[in-house]
Amino acid sequence: MVEQGAVDVVCGDYLAELTMLILAKAQARDGGVGYARTFLTQVEQILPACVERGIRIVANAGGLDPAGLADAVRAVADEQGLGVRVAHVEGDDLRGDLAAITPPVGGTPVSANAYLGGWGIAQALAAGADVVVTGRVTDASLVLGPAAWWHGWAHDDWDPLAGAVVAGHVIECGPQATGGNYPFLDEITDRRYPGFPIAEVAADGSSVITKPEGTGGLVSVGTVTAQLLYELGPPAYLGPDVTTHFDTIRLEQTGAHRVAVTGVRGSPPPDTLKVALNDVGGYRNTMTLVLTGLDIEAKAAHAEELLFGILDRDSFDEVDVRLLRFDHPDAAANPEATAHLRITVKSADRRVAGRAFSNATMQLALGGYAGFHTTTPPTDASLFGIYRPAAVPRSAVTHTVVLPDGERCTVADPPEFATEKPQVTPPVRRGEQSKGPSRTVPLGTVAGTRSGDKGGDANIGVWARDDAGHAWLAGFLTPQRVRALLGPETADLDVEVFDLPNLRAVNVVVHGLLGDGVASATRPDPQAKGLGEYLRSRLVEIPEELLP
365 MVEQGAVDVV CGDYLAELTM LILAKAQARD GGVGYARTFL TQVEQILPAC VERGIRIVAN
425 AGGLDPAGLA DAVRAVADEQ GLGVRVAHVE GDDLRGDLAA ITPPVGGTPV SANAYLGGWG
485 IAQALAAGAD VVVTGRVTDA SLVLGPAAWW HGWAHDDWDP LAGAVVAGHV IECGPQATGG
545 NYPFLDEITD RRYPGFPIAE VAADGSSVIT KPEGTGGLVS VGTVTAQLLY ELGPPAYLGP
605 DVTTHFDTIR LEQTGAHRVA VTGVRGSPPP DTLKVALNDV GGYRNTMTLV LTGLDIEAKA
665 AHAEELLFGI LDRDSFDEVD VRLLRFDHPD AAANPEATAH LRITVKSADR RVAGRAFSNA
725 TMQLALGGYA GFHTTTPPTD ASLFGIYRPA AVPRSAVTHT VVLPDGERCT VADPPEFATE
785 KPQVTPPVRR GEQSKGPSRT VPLGTVAGTR SGDKGGDANI GVWARDDAGH AWLAGFLTPQ
845 RVRALLGPET ADLDVEVFDL PNLRAVNVVV HGLLGDGVAS ATRPDPQAKG LGEYLRSRLV
905 EIPEELLP
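For the sequence shown, my numbering assigns the number 365 to the initial residue and increments by one for each residue that follows.
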């Protein structure tokens with residue numbers, strides 16, 4: 365990006381919800397640090413070139429210790445003989461005072477961070493910072509801050525600010541916007557590792573998404589749509605600086621690997637900030653038993669009965685047993701005749717979930733079902749975390765930027781807040797649009813998906829390639845049909861479906877699928893990354909006029 369991208373600012377997003385828990389564990393160890401060490405490695409690699417080219421660096425790699433990371437960056441610059449001005453943003457860490465958080469916090473979370481906006485970054489850049497590191501800011505703030513500084517936006521320039529949020533949302537996951545994790549592989553003719561995305565943000569907040577010339581992958585309306593739908597909830601996307609209305613986004617292919625993003629509307633943000641809380645949930649352990657050949661279900665039931673005859677099932681806080689079927693009748697090769705019995709246990713007592721559990725599974729080796737073996741030797745338990753979303757009044761948070769000269773400045777709140785919760789327009793249920801013939805084919809024949817996690821919820825963005833496909837899709841994907849297609853694990857869950865006609869898409873939110881968040885989820889795909897591709901694989905009746 366530095367050598368080929370012709371960019372003014374390079375940004376790095378290091379803080380997934382789970383990352384804060386990992387950093388808290390690292391910070392608690394002797395000699396541990398609460399920031400992302402990998403960022404320092406990258407700074408060492410690119411800092412001389414950035415100084416030479418006048419490229420600024422903005423990253424949220426500060427995690428739980430942005431001041432410590434700022435000092436570490438200065439040390440790297442000193443070692444390289446470079447005069448670099450470093451600033452940092454703090455105030456997001458609420459562990460010192462949890463009283464204002466709602467719902468009330470019980471116990472002592474290992475991390476409690478408010479999601480700050482981009483104005484501290486903008487203020488640091490305006491003061492001449494070459495490198496700005498932050499703690500927990502929103503992912504899009506890493507683009508909004510530089511854009512607001514560059515163009516001199518006001519705090520109530522809602523539409524431009526919203527446009528920058530959209531640009532930030534597109535590029536925050538790197539090559540996921542340039543062909544990475546893209547479902548239509550036939551569209552990607554350059555199969556090299558995708559080049560990372562560039563957002564060219566204009567003064568009105570519109571942008572063009574592209575990538576460095578000569579790099580792999582693809583930038584198309586499809587790849588940008590896929591990333592826009594990633595980890596999305598309702599179309600009114602609440603942020604600390606602006607509410608961004610994703611149902612106003614318009615995309616247009618303007619050239620090879622160039623997609624214009626226009627029409628984005630913004631409105632005042634809420635008067636509260638989102639808070640991410642991470643608690644230690646206890647200990648967990650998983651053993652996977654391999655079942656081969658005939659009588660798979662009977663063998664699985666026998667193994668479960670024997671194991672919890674050796675162990676007291678009630679001694680665990682939670683037990684999750686899943687039979688995963690990969691086997692085929694009369695398989696041509698041994699591995700194709702196998703299934704997995706995946707058993708996960710949780711306990712507040714490490715000894716209960718540790719070797720006592722995994723060693724007990726090995727007692728089945730000589731006294732269990734025919735062909736018994738496991739995918740791993742006995743394992744010890746590991747800590748898992750529980751993620752909780754919360755909120756805090758802005759008055760309880762002091763958003764602070766520490767400028768390169770050491771001056772501490774409080775970042776002002778927005779001049780206006782939303783007076784009521786944004787209204788969500790339900791999808792227009794058009795029913796069955798075609799009376800003509802249909803065929804039973806996979807949903808993915810006409811629709812792409814991108815899925816992910818939002819705390820304990822999962823989202824699946826589903827889009828069509830043309831207007832007719834979207835018209836059918838918006839009528840077809842009701843909450844009831846989504847539950848039927850996703851199977852038993854969603855049968856009793858709340859499902860919402862939001863229409864995004866400008867993107868020819870709908871966004872599906874499955875509440876509670878991931879339990880207490882990624883770190884505690886026991887399903888084999890804890891971040892729901894494959895959930896969308898599973899939905900695409902399901903056979904449905906599709907009008908022939910929509911089929912390729």
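Note that beta-carbon positions come from the ideal geometry of N, C-alpha and C, so glycine has one too.
Quantities reported herein were computed from a predicted structural model and do not represent experimental measurements.
Rounded separation between residue i and residue j - CA only
i           : j           : result
residue 872 : residue 443 : 50 Å
residue 546 : residue 540 : 7 Å
residue 647 : residue 371 : 45 Å
residue 796 : residue 481 : Because the pLDDT at residue 796 is just 48, under 50, the model does not fix this residue reliably, and the value given afterwards should be weighed accordingly. Looking at the two C-alpha atoms, the distance is approximately 43 Å.
residue 420 : residue 405 : 17 Å
residue 653 : residue 665 : 12 Å
residue 437 : residue 429 : 13 Å
residue 738 : residue 388 : 33 Å
residue 319 : residue 583 : The first residue shown for the chain is 365 and the last is 912, placing residue 319 beyond what the model contains.
residue 780 : residue 513 : 20 Å
residue 418 : residue 431 : 23 Å
residue 624 : residue 569 : 11 Å
residue 552 : residue 560 : 15 Å
residue 785 : residue 636 : 12 Å
residue 433 : residue 908 : 57 Å
residue 843 : residue 494 : 48 Å
residue 462 : residue 508 : 28 Å
residue 918 : residue 685 : The structure shown has nothing for residue 918, since the chain only spans 365 to 912.
residue 365 : residue 525 : 24 Å
residue 695 : residue 735 : 16 Å
N- and C-terminal bounds of the alpha helix (DSSP H) containing residue i
i           : result
residue 522 : 522 to 535
residue 723 : 719 to 726
residue 839 : 831 to 840
residue 511 : 505 to 515
residue 494 : Counting along the chain, residue 494 falls outside any alpha helix (DSSP H), and DSSP gives it neither H nor E.
residue 413 : 401 to 417
residue 845 : 843 to 850
residue 673 : 660 to 674
Closer than 7 Å: residue i CB and nearest the ligand HEM heavy atom
i           : result
residue 756 : In the structure on display, the ligand HEM does not appear, and there are no ligands present to speak of.
Helix, strand or coil at residue i [DSSP, three-state]
i           : result
residue 601 : strand
residue 550 : helix
residue 893 : coil
residue 796 : With a pLDDT of only 48 at residue 796, under 50, the local geometry of the prediction cannot be trusted, and the value read off the model is given with reservation. If DSSP states are grouped into helix, strand and coil, residue 796 belongs with coil.
residue 609 : strand
residue 385 : helix
residue 749 : strand
residue 690 : coil
residue 367 : coil
residue 768 : coil
residue 775 : coil
residue 570 : coil
Contact set for residue i: own chain, Cβ-Cβ below 7 Å, skip 5 residues either direction
i           : result
residue 900 : 547, 806, 807, 808, 811 and 813
residue 683 : 677 and 709
residue 818 : 595 and 597
Own chain partners of residue i with C-beta closer than 6 Å, once the 5 adjacent residues on each side are dropped
i           : result
residue 689 : 703
residue 614 : 626, 627 and 866
Other residues of its chain near residue i: CB distance less than 8 Å, five sequence neighbours each side excluded
i           : result
residue 979 : The structure shown does not extend to residue 979, since the chain is modelled only from 365 to 912, so the question has no answer here.
residue 691 : 655, 656, 657, 660, 700, 701, 702 and 703
residue 857 : 847, 874, 875, 876 and 877
residue 384 : 427, 428, 475, 477, 500, 640 and 642
residue 698 : 656
Run of the beta strand (DSSP E) containing residue i, from where it starts to where it stops
i           : result
residue 654 : 636 to 656
residue 589 : Looking at the DSSP string, residue 589 is not in any beta strand (DSSP E); the run it does join, the alpha helix (DSSP H), is 585 to 592.
residue 739 : Where residue 739 is concerned, there is no enclosing beta strand (DSSP E), given that its DSSP letter is neither H nor E.
residue 432 : Not the beta strand (DSSP E): residue 432 falls in the alpha helix (DSSP H), residues 430 to 443.
residue 707 : 702 to 711
residue 421 : 420 to 423
residue 874 : 869 to 874
residue 452 : 450 to 454
residue 461 : Neither: residue 461 is in no beta strand (DSSP E) and is coded neither H nor E.
residue 379 : It is not in any beta strand (DSSP E) - residue 379 carries neither H nor E in the DSSP assignment.
residue 563 : 562 to 565
residue 617 : 614 to 619
Strand pairing of residue i, partner residues [DSSP]
i           : result
residue 466 : 755
residue 810 : For residue 810, which the question treats as bridged, DSSP gives no partner whatsoever.
residue 879 : Looking at the DSSP assignment, residue 879 forms no beta bridge with any residue, so it has no partner.
residue 913 : Here the chain covers residues 365 to 912 and nothing more, so residue 913 does not appear.
residue 827 : 812 and 869
Chain B contact for residue i (CB, 8 Å cutoff)
i           : result
residue 728 : Among the protein chains of the structure shown there is no chain B, as only one such chain exists.
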